[in-house]
DNA sequence: ATTATAAGACACCTTTTGGTGTCCTGTCAA
DNA sequence: TTGACAGGACACCAAAAGGTGTCTTATAAT
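Protein chains in written order, with the numbering used here: chain A, 1 to 109; chain L, 110 to 218.
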């Protein structure tokens, strides 16, 4: 029981640049109403609202109604999955950096 | 000059589960030809090839022709961008964990 | 009481995505 | 030297994505 509403894939949710910017905006404030978010983007309210719905389905934002506005707040926890996924591959670019370093050292001789 | 061919967004490239599995498979071997990758998925060669093209455009895989086969290898470096992006948000789930921890401690009393 | 604002709910549209099948060309094996 | 195999290059298709505009209903402000 419980868990996020629609169970949207977090990787999918962060694939769109608009949604990543929404995440960033929400990270910089406690709570932001839809109309205030909308003015930050070159698109209509409906579009922004749809993006927020997708973020909500991925569990990345929460919303509550206050008066006539709907305020959104970030829930960054699901991003941990992304962080963990990439962590597995850090060894590869570390390996590459080492290889590059060796090459540079060889060239210096 | 140089840089990746088409400049596809890395976030976009890893959004698809098939492509994430391709990345994983390539991480576990040095080099894998297309037909060998294809048998791992419930879809045709053409589809897998398209996914690999997208990964290539994002700079995540390299390929070379050997005889009649095309062999693919992983280049994990671009994943660093994802890793860095998520790193910014670690403070949020750390904060949440702390809050949860406090709640649990309160309940124990 | 009336008007303006915030936003949900739709219907609608275009482009992109993720798949298919077919044909053609190299390359390796018999 | 004749098959069989690997895979590029298309053309094609259905569904999803990312927008739009309009209508309606709460709520707030005058």
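For glycine and all other residues, C-beta sits at the position ideal for the given N, C-alpha and C. For clarity, every value in this text was computed on a predicted model and none was experimentally measured.
Residue i vs residue j beta-carbon contact at 8 Å
i	j	result
residue 13 of chain A	residue 55 of chain A	yes
residue 175 of chain L	residue 183 of chain L	no
residue 160 of chain L	residue 208 of chain L	no
residue 118 of chain L	residue 167 of chain L	yes
Closer than 7 Å: residue i CB and nearest the ligand NAP heavy atom
i	result
residue 93 of chain A	The ligand NAP is not part of the structure shown, which contains no ligands of any sort.
Proximity winner among the options, relative to residue i (alpha-carbon distances)
i	options	result
residue 173 of chain L	L/149, L/139, L/203, L/167	L/139
residue 49 of chain A	A/94, A/22, A/86	A/22
residue 72 of chain A	A/51, A/98, A/57, A/34	A/34
residue 134 of chain L	L/212, L/155, L/185	L/185
residue 80 of chain A	L/202, L/211, L/141	L/202
residue 32 of chain A	A/45, A/53, A/70, A/11	A/70
Residue i, buried or exposed, once every other Cβ within 10 Å from all chains shown has been counted against 16
i	result
residue 187 of chain L	buried
residue 68 of chain A	exposed
residue 116 of chain L	exposed
residue 146 of chain L	buried
Inset, instruction - Could you tell me whether the region 139–151 of chain L touches the region 185–197 of chain L, using the rule of 3 or more Cβ pairs below 8 Å? - result: no
Inset, instruction - Can you check the region 21–74 of chain A for any alpha helix (DSSP H) of at least 4 residues that lies completely inside it and give the ranges in chain order? - result: 34–38, 45–57
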